[in-house]
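Residue numbers (our numbering): 8 to 250.
Using N, Cα and C, we set each Cβ at its ideal position, and we do this for glycine too.
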């Protein structure tokens, strides 16, 4: 499906296009809220880490005029290249395949290559190791550059005992509270934390995901369970790299 638009916000992205390309709770809804807390300007170079089908990359490129490197492990870069070209964004977004924890940018990125890294609904799979930021992220972000992340998390740590939550955790999803995420990030030698809070758009993003005809959406029932839904949150974290 070809898509030509100057802006790529949740309100003007065609619903059928969004349904075809969502891989989880509506990333456009989440990145829109995140962007209100970011200082972004045309020409910035941003790494969109765990970009999936590139919806967040397309939003950032059209809304703010930034240059985006759209990196994902699972979605083929050629598929994303075709998606960006069909939306006339091939000159704004460069897709790559990358396992950042296995090969942390070496041979791909120059030091201080980016003004910021953004990661929407992916960081919880690879970013809990205390050395991750210093080894895999900080070398490639300019001094003063931003790290801005959205992850699913818990309102209270004892929520881990809920059956739906236990199933998610056992499948490899690291669900932490804001306090525990602060603790993880505070281990970095190079990162200062400026924000760690619950988001307001998380439930809406999940409901929009549930409306699409996708077998994975149908199976994603955690937010719909009354007790589990009370404990699940999306967490927004922002920090700055100081070298």
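- prompt: Where do the ends of the alpha helix (DSSP H) carrying residue 26 lie?
  reply: 22-28 is the span of the alpha helix (DSSP H), which, as asked, contains residue 26.
- request: Please determine if the region 103-110 and the region 66-80 are in contact, where contact requires at least 3 C-beta pairs separated by less than 8 Å.
  value: yes
query: For residue 105, which of helix, strand or coil comes out of DSSP?
result: Reduced to three states, the DSSP call for residue 105 is coil.
query: Do the CB positions of residue 244 and residue 203 come within less than 7 Å of each other?
result: In this structure, residue 244 sits near residue 203, with a CB-CB distance shorter than 7 Å.
query: Out of curiosity, what's the CA-to-CA distance linking residue 190 and residue 200?
result: 10 Å
query: Nearest to residue 188 by CA position, among 197, 164 and 207, is which residue?
result: 164 is the residue among 197, 164 and 207 whose C-alpha sits nearest the C-alpha of residue 188.
task: If I'm right that residue 248 touches residue 155 with Cβ under 8 Å, what's the distance once you round it to whole angstroms?
output: Contact flag wrong, Cβ pair sits at about 11 Å.
task: Within 10 angstroms of the Cβ of residue 150, are there 16 or more other Cβ atoms? Answer buried if so, exposed if not.
output: exposed
- prompt: When we look at the beta-carbon of residue 33 and count the other beta-carbons within 10 Å, is it buried (16 or more) or exposed?
  reply: buried
- prompt: Excluding five sequence neighbours on each side, which residues of the same chain lie with their C-beta closer than 6 Å to the C-beta of residue 120?
  reply: 147
Anticipated Cβ contact below 8 Å, residue 41 with residue 17, distance rounded: About 12 Å separates the two Cβ atoms, so there is no contact after all.
task: Would you identify the three-state DSSP class for residue 43, choosing helix, strand or coil?
output: coil
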